[in-house]
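Residue numbers (this note's numbering): 1 to 661. Even for Gly, the Cβ is constructed at its ideal location relative to N, Cα and C.
Here it is, written out as structure tokens:
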């Protein structure tokens, strides 16, 4: 094996071994984002060495299999959906679009470069060792043995990304280790596989047990029926390409069933669907899910046993692990770890079937004017055609693409690092440093709406801090005005970058609300922003309370009452909705209705909470204003935190109203 090919293969193997355990605390997402960056980086390095190998051989060697075309179709669908359907193109590229493309490139190279069962066995052994290490760390973390260490401050911490990702990875690797342990001949290797299998199995059971309902680490997953409902509603608007990669949160907000308001996670904003299949249906539409199902069918066709052949221990292990992963995808959404592992298993299936399924798996040698089928065991000979320029033709656009992608990825990563540093300085109450770092993050990647939202709130916080000073200079007043204008500008920019994201419109409404007594027309802009947020998240009762609170502050009590009533219609056990409704009724002169609403509050909040004492006191006050005693209702107590409609901020002294853009 020549050196460039060996290096390319080494980096492909390193991906499957390192991605599950790799993380960096440099960005807001320690795990998924950094694992994906590592995956893209190592795949790109491998691609460079594969191109060098092809140039030296004066030909391009590829392995054709039933999985190749469906995976290319999946990547093409992701790109098309990003440009034609996704509202947040930049976010899609940073997320699953680049992941799907890299997975496809990885598969093409891995299925071509990995040639022998021994190579597959070595990589699998590395994966099993990593799984055993993660299993030990998971057990130590969940039992509290690592508490006090720098990263294991939480008992749910795992380098895999989360305990759910950890257990899913263990479930996929367990068939690899167990099958090899039982099927290979006796010897030290067999003992090692049994040892690793025991560790992985123990961690899977002990940690997985804590996922059961009511246990310590029960994962928060979107119910399957809700995921199906969201997928089918998305089909009505874009059946072919879905809503676009990375857009599930927007689809969840738009189409989530009201029934979720009766569950403990009614305020959770799910960014992934109930399982991988439903996630693909929602974000990539019929084209995406069809491509994935065709990939599975291609794999099934590939591993079907041919007459006169036998299934080796390594083949059995890979087949069982792949089937386990595909079944697991019915229950949970996949992450970078599980997706790379699955594609790696697909690549192993191709490599292990090269010598047995020559009709299904073919190694082809491509030159500028010929295409030759070669034996998988046959080394790539240097082409005698000195005029063959195909490797150079491929290397030019691929090299240019890698350079452009590398520049963009470097800027995106630097922006994430700066943004993480800004949040760290914010926690330390260093306002100026936070401000400067967020400017740096936006300068490096101006198309990320999260940065704009954070920067808008930083501007507003700094403006409030300066305006709160007892004595203000003209320079201070000018600075406050500038900060407020920047806050509005950045909040509006966030809605332009991702207009389908309800959180961006909610943030814009919050910004305008704080400027009602300072910026002309801010009240109307705030109302319009909240209404748009409600249109994008119609089943969210909290948004109705926020809009109702604004109407209440503007003394538009009828409008406030309507919004509060809508909130409790969406969530009948919403104590804070009744609490705000009681205030609106009271201040509009409807004391009986206010009393009845407060009765609901008393019935809903836990009896031993501070909220219960507070609500009971206010109920007694309202009762004293009634001519007769009202009937006490019965309801199940719900944990909540009561907050009455907050008054609008007072205008700073010495400031003239500014126009709200």
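Buried versus exposed call for residue i [16 or more other C-beta atoms within 10 Å across all chains shown]
i, result
"residue 58", "buried"
"residue 121", "buried"
"residue 144", "exposed"
"residue 613", "exposed"
"residue 595", "buried"
"residue 159", "buried"
"residue 369", "exposed"
"residue 280", "buried"
"residue 625", "exposed"
"residue 500", "buried"
"residue 494", "buried"
"residue 645", "buried"
"residue 676", "Residue 676 lies beyond the range of the chain shown here (1 to 661); nothing can be said about it."
"residue 66", "buried"
"residue 39", "buried"
"residue 551", "buried"
"residue 633", "Caution applies to residue 633, whose pLDDT of 47 falls short of 50 and renders its modelled position unreliable; the value that the coordinates give is listed next. It is exposed - the Cβ of residue 633 has fewer than 16 other Cβ atoms within 10 Å."
"residue 406", "exposed"
"residue 507", "buried"
Where residue i sits in the DSSP three-state scheme
i, result
"residue 374", "strand"
"residue 116", "coil"
"residue 605", "coil"
"residue 403", "helix"
"residue 274", "coil"
"residue 14", "helix"
"residue 516", "coil"
"residue 2", "coil"
"residue 359", "coil"
"residue 642", "coil"
"residue 188", "helix"
"residue 560", "helix"
"residue 256", "coil"
"residue 210", "coil"
"residue 264", "coil"
"residue 545", "helix"
"residue 235", "helix"
"residue 175", "helix"
"residue 574", "coil"
"residue 522", "helix"
"residue 632", "Confidence at residue 632 is low in this model, with a pLDDT of 49, below 50, so its placement is unreliable and no value can be given for it."
"residue 157", "coil"
"residue 593", "helix"
"residue 269", "coil"
Proximity to residue i [Cα-Cα], best of the options
i, options, result
"residue 488", "459, 472, 497 and 204", "459"
"residue 169", "37, 256 and 329", "329"
"residue 565", "543, 555 and 554", "543"
"residue 337", "11, 36 and 30", "36"
"residue 692", "66, 451 and 163", "This structure cannot speak to residue 692, because the chain is shown only from 1 to 661."
"residue 167", "142, 154, 182 and 146", "142"
"residue 69", "108, 43, 44 and 38", "108"
"residue 372", "64, 504, 589 and 273", "64"
"residue 61", "363, 49, 524 and 558", "363"
"residue 100", "349, 87 and 81", "81"
"residue 90", "411, 274, 468 and 535", "411"
"residue 434", "422, 452 and 528", "422"
"residue 347", "314, 106 and 514", "106"
"residue 586", "560, 517, 611 and 17", "560"
"residue 401", "102, 339 and 192", "102"
"residue 554", "469, 588, 532 and 436", "588"
"residue 592", "98, 609 and 627", "627"
Contact under 8 angstroms by Cβ, residue i with residue j
i, j, result
"residue 541", "residue 570", "yes"
"residue 490", "residue 33", "no"
"residue 600", "residue 583", "no"
"residue 215", "residue 176", "no"
"residue 359", "residue 353", "no"
"residue 283", "residue 248", "yes"
"residue 135", "residue 200", "yes"
"residue 342", "residue 325", "yes"
"residue 351", "residue 546", "no"
"residue 257", "residue 229", "yes"
Proximity test, residue i beta-carbon vs the ligand FAD heavy atom, cut-off 7 angstroms
i, result
"residue 342", "Because no ligand of any kind appears in the structure shown, any question about the ligand FAD cannot be addressed here."
Residue ranges of each beta strand (DSSP E) within the stretch 482 to 512, 3 or longer: Complete beta strand (DSSP E) runs here, min 3: none at all.
Uninterrupted beta strand (DSSP E) stretches inside the stretch 50 to 124 (no shorter than 3 residues): The stretch 50 to 124 contains these whole beta strand (DSSP E) runs: 60 to 64.
Whole alpha helix (DSSP H) runs in the stretch 387 to 454 with 4 or more residues, listed along the chain? If one requires a minimum length of 4 residues, the alpha helix (DSSP H) runs lying completely within the stretch 387 to 454 are 390 to 427 and 431 to 444, in chain order.
Along the chain, which unbroken stretches of the alpha helix (DSSP H) at least 4 residues long are found entirely within the stretch 287 to 373? Counting only runs of at least 4 residues, the stretch 287 to 373 fully encloses the following alpha helix (DSSP H) elements, listed from N- to C-terminal order: 313 to 328 and 336 to 352.
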